[in-house]
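Below is one structure, written out as structure tokens; comments come after it.
Protein chains: 2
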Amino acid sequence: MRIGELAGRAGISTRALRHYESLGLLPARRAGNGYRDYDEADLRLLGQIRTLQDFGFGLEDTRPFVECLRAGHPAGDSCPASLEVYRRKLAELDECIERLAQVRAEVSAQLARAELEAEADVPGGPPPRCELSPCGTEDGRPA
Amino acid sequence: MRIGELAGRAGISTRALRHYESLGLLPARRAGNGYRDYDEADLRLLGQIRTLQDFGFGLEDTRPFVECLRAGHPAGDSCPASLEVYRRKLAELDECIERLAQVRAEVSAQLARAELEAEADVPGGPPPRCELSPCGTEDGRPA
DNA sequence: GTAAACGTTGACGCGGGCGTCAAGGCCAGT
DNA sequence: ACTGGCCTTGACGCCCGCGTCAACGTTTAC
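Chains as they are written, first to last, in the numbering used here: chain A, -16 to 126; chain B, -16 to 126.
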């Protein structure tokens, strides 16, 4: 199977596939004309990669799983190295969730305090206007 | 006060200060020789910026707070635009925490299952070895 | 006088995971 | 033969918050 078909079946871009190959994550056999040649097993590997990526794993973190599958094991997480990644990720997640929860609490407290003070300063009058300049846009990273 | 002193007192780099200026976040007066000239008020603004950054706010998100302070308000969050940022960030945090909690649960379940299966496959024998290749490094982003 | 320590602007690098464009090769249908 | 659709490699762009180096001017201490 050629790259376009694999990409279509796996639901990712050909660019991503070439990227994985450049990382040595998903090397491809080559046909006589130089075209990449994939098989059904590669589709499985891609499934593993995508699943882990949905969990927020980096590509390098998927490597043990992929290698494990290629080594003939029934599942990507049949190998100790994969389990180690799971454990490390769990620890990272716990740390991250805890930090975010702390931040959430602090921001929440700040908001409550600021709202109280605004109320105190302006019991019934007009709210203080300070949007004189082009105030910020938006983002949304901490995924 | 020149850029080096402000950087030292605020605990950040001169490069960061120049960066903030390039964003229009912390413009600086200029001395006759072209040197940036800061005052105590700028130190306060930097304090606000750093606090928010520690919360994981992007620089653009700090802009309303900084402008609010510069407008003469007692606190950076005395202005409605700042409160809006607080609220938006809270929503983002909630969303993010929830996603991470879900992922944590799923990864945890996968780990438990994989450990069980490994145990079943190898009741007393040697564990399957598959770390034949240089398996992964590490990262730790979702901050 | 001169060297060290500060200041200036400009520009590239990084990390992650690709998107996107460029310039070309290979193959199928008509 | 030619068009269109696949494929190839290479290289730059993006986002964000700076780090780091270059090449140069200014001030300060001796």
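Beta carbons: idealized from backbone N, C-alpha and C, even for Gly.
{"query": "Excluding the 5 residues preceding and the 5 following S65(A) in the sequence, name in chain order all residues of the same chain whose CB lies nearer than 7 Å to its CB.", "result": "P47, F48, C51 and G59"}
{"query": "Rounding to the nearest angstrom, what Cα-Cα distance links C62(B) and E75(B) in this structure?", "result": "20 Å"}
{"query": "Using CA atoms only, rank isn't needed, just tell me which of G15(A), R(-15)(A) and Q93(A) is closest to R1(A).", "result": "R(-15)(A)"}
{"query": "Kindly indicate which residue of G(-9)(A), L29(A) and G15(A) has the alpha-carbon position closest to the one of E140(A).", "result": "What the structure shows of chain A is the stretch from -16 to 126, and residue 140(A) is not part of that stretch, so it cannot be assessed."}
{"query": "Is the beta carbon of L73(B) less than 9 Å from the beta carbon of R82(A)?", "result": "no"}
{"query": "Tell me which residues share the same chain as E121(A) and place their Cβ nearer than 6 Å to its Cβ, disregarding the 5 neighbours each side in the sequence.", "result": "In this predicted model, E121(A) has a pLDDT of only 32, less than 50, meaning its place in the structure is not dependable enough to derive any value."}
{"query": "Given that a residue counts as buried once 16 or more other Cβ atoms are within 10 Å of its Cβ, and exposed if not, what is A126(A)?", "result": "Its pLDDT being 28, under 50, A126(A) is placed unreliably in this model, and the coordinates cannot settle the point."}
{"query": "Have a look at L42(A) and R96(A) and give me their C-alpha separation to the nearest angstrom.", "result": "42 Å"}
{"query": "With which residues is D20(B) paired in a DSSP beta bridge?", "result": "R12(B)"}
{"query": "What is the residue span of the alpha helix (DSSP H) that R167(B) lies within?", "result": "What the structure shows of chain B is the stretch from -16 to 126, and residue 167(B) is not part of that stretch, so it cannot be assessed."}
{"query": "Is C62(A) helix, strand or coil by DSSP?", "result": "coil"}
{"query": "Rounded to a whole number of angstroms, what is the C-alpha to C-alpha distance between C118(A) and S91(A)?", "result": "No answer about C118(A) holds up, because its pLDDT of 25 lies below 50 and its placement is not dependable."}
{"query": "Drop a sphere of 10 angstroms on the beta-carbon of Y69(A), count the other beta-carbons inside from all chains shown, and report buried for 16 or more, exposed for fewer.", "result": "buried"}
{"query": "Would you tell me roughly how many angstroms separate the C-alpha atoms of I80(A) and G15(A), rounded to the nearest one?", "result": "50 Å"}
{"query": "Quick check on the burial criterion: 16 or more other C-beta atoms within 10 angstroms. Buried or exposed for Y21(B)?", "result": "buried"}
{"query": "Nearest by alpha-carbon distance to G55(B): which of Y18(B), R27(B) and G7(B) is it?", "result": "R27(B)"}
{"query": "Roughly how many angstroms separate the alpha carbons of G127(B) and R12(B), rounded to a whole number?", "result": "Residue 127(B) cannot be examined here, being either before or after the span of chain B that is shown, -16 to 126."}
{"query": "How would you label A(-7)(B), buried or exposed, when you count the other beta carbons within 10 angstroms and need 16 or more for buried?", "result": "buried"}
{"query": "Does the beta-carbon of A(-10)(A) have 16 or more other beta-carbons within 10 angstroms, so that it is buried, or is it exposed?", "result": "buried"}
{"query": "Give the interface partners of Y3(B) over in chain A, defined as CB-CB distance under 8 Å, in chain order.", "result": "Those do not exist, as Y3(B) stays about 14 Å from chain A at its closest Cβ, beyond 8 Å."}
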